[in-house]
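Some notes on the structure that comes next.
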Amino acid sequence: IHRPSMAPAMRPEQEASCKATEDHRSEFDAAKPPPFRIGDVRAAVPAHCWRKSPLRSLSYVARDVVVVAALAAAAWRADSWALWPLYWAVQGTMFWALFVLGHDCGHGSFSDSGTLNSVVGHLLHTFILVPYNGWRISHRTHHQNHGHIEKDESWHPITEKVYQKLEPRTKTLRFSVPFPLLAFPVYLWYRSPGKEGSHFNPSSDLFTPKERRDVIISTTCWFTMIALLIGMACVFGLVPVLKLYGVPYIVS
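Following the working numbering, the numbering of the sequence shown begins with 865 at its first residue and continues without gaps.
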């Protein structure tokens, strides 16, 4: 049975508007620069949004640190295999929350104090085994070349032609579990596939000579955290450290 459409007919001006929209979409060229500058975007943001409050920022740090400590204490006290998976999921999320706060320190949005940003950023990122300055510098390069296939630091895709030449094992590892769970640590040590260098090596071409001292400081902090974890494993045992810290680290 043919049922006539119940949609109302468009008026001539509506049809013209739709046609203009379709024409505009068909003429859109993604390769062209946008019709605005970054300064225009910044000017559109209300002034109060640019004011940084160290007290508020530190309150976020205190809140998240308390949550991390409380979760670890509760899991240690309960020590139930029925609850460990829930702990790992929640604590892994909180570890990433600490990373985000350190990320804001690296961008300078945490506070106007470079010293405060550096101290807090090192404390937070070192705890989750991220070399703060090494990551901060490469992340700056990422934002300066965001979306650039060749120059972007943390997003470096391969072409289909290169992908087809990869060994089957490499294809599987690149896009299958568990490799993606370890992709970030691998990136920190070896950068993106197709690039050379390391976030831990002050001589890497990621960094200028003036930045090498900062990289050495962060790398030293990283190894200090590793030594602390090894010490805790010697005192409390490897399994408790893996349950309390290792699995949440992988989840994060």
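Virtual Cβ for every residue (Gly too), placed ideally from N, Cα, C. The structure presented is a predicted model; accordingly, all values stated were derived computationally and were not measured.
query: Can you grab the Cα-Cα spacing for the pair E1017 / V1099, in whole Å?; result: 39 Å
query: Would you mind reading off the limits of the alpha helix (DSSP H) that contains N981?; result: G978 to F991
query: What does the alpha-carbon distance come out to for the pair T1072 and H1012?; result: 21 Å
query: Please confirm whether A948 and K1107 have their CB atoms less than 8 Å apart.; result: For the record, residue 948 in the displayed sequence is Trp; it is not Ala. Yes, the pair counts as a contact, with Cβ atoms nearer than the cut-off.
query: Is it buried or exposed, V930, if we count other Cβ atoms within 10 angstroms and call 16 or more buried?; result: exposed
query: Would you kindly check if the distance between the Cβ of F963 and the Cβ of S1116 is under 8 Å?; result: yes
query: Considering just the uninterrupted stretch of the alpha helix (DSSP H) at I1114, what are its terminal residues?; result: V1111 to V1115
query: Quick check on A946: does DSSP put it in helix, strand or coil?; result: coil
query: By the three-class DSSP mapping on this structure, what secondary structure does P897 have?; result: coil
query: If you draw a straight line from the alpha carbon of A961 to that of L1070, how long is it in whole angstroms?; result: 26 Å
query: Can you look up H1063 in the DSSP assignment and give me helix, strand or coil?; result: coil
query: Where do the ends of the alpha helix (DSSP H) carrying D904 lie?; result: I902 to A908
query: Measure the C-alpha to C-alpha separation of I1081 and C969 and round it to an integer number of angstroms.; result: 16 Å
query: Can you tell me where the alpha helix (DSSP H) with C1085 in it begins and where it stops?; result: R1076 to F1100
query: Taking Cβ to Cβ, would you say P1112 is nearer than 8 Å to G956?; result: yes
query: Output the boundary residues of the alpha helix (DSSP H) element that contains E1024.; result: E1024 to K1029
query: With 16 as the cutoff for other CB atoms within 10 Å, does A937 come out buried or exposed?; result: exposed
query: Check each candidate in K916, R941 and H986 and name the one with the smallest Cα separation from W1086.; result: H986
query: On a CA-only basis, which of F991, P898, P1049 and F892 is nearest L1093? Give me that one, please.; result: F991
query: Less than 8 Å between the beta carbons of K1059 and H1020, yes or no?; result: yes
query: For V1079, I'd like the list of residues in its chain whose CB is within less than 6 Å of its CB, leaving aside the five on either flank, ordered along the chain.; result: N997, G998, P1066 and F1071
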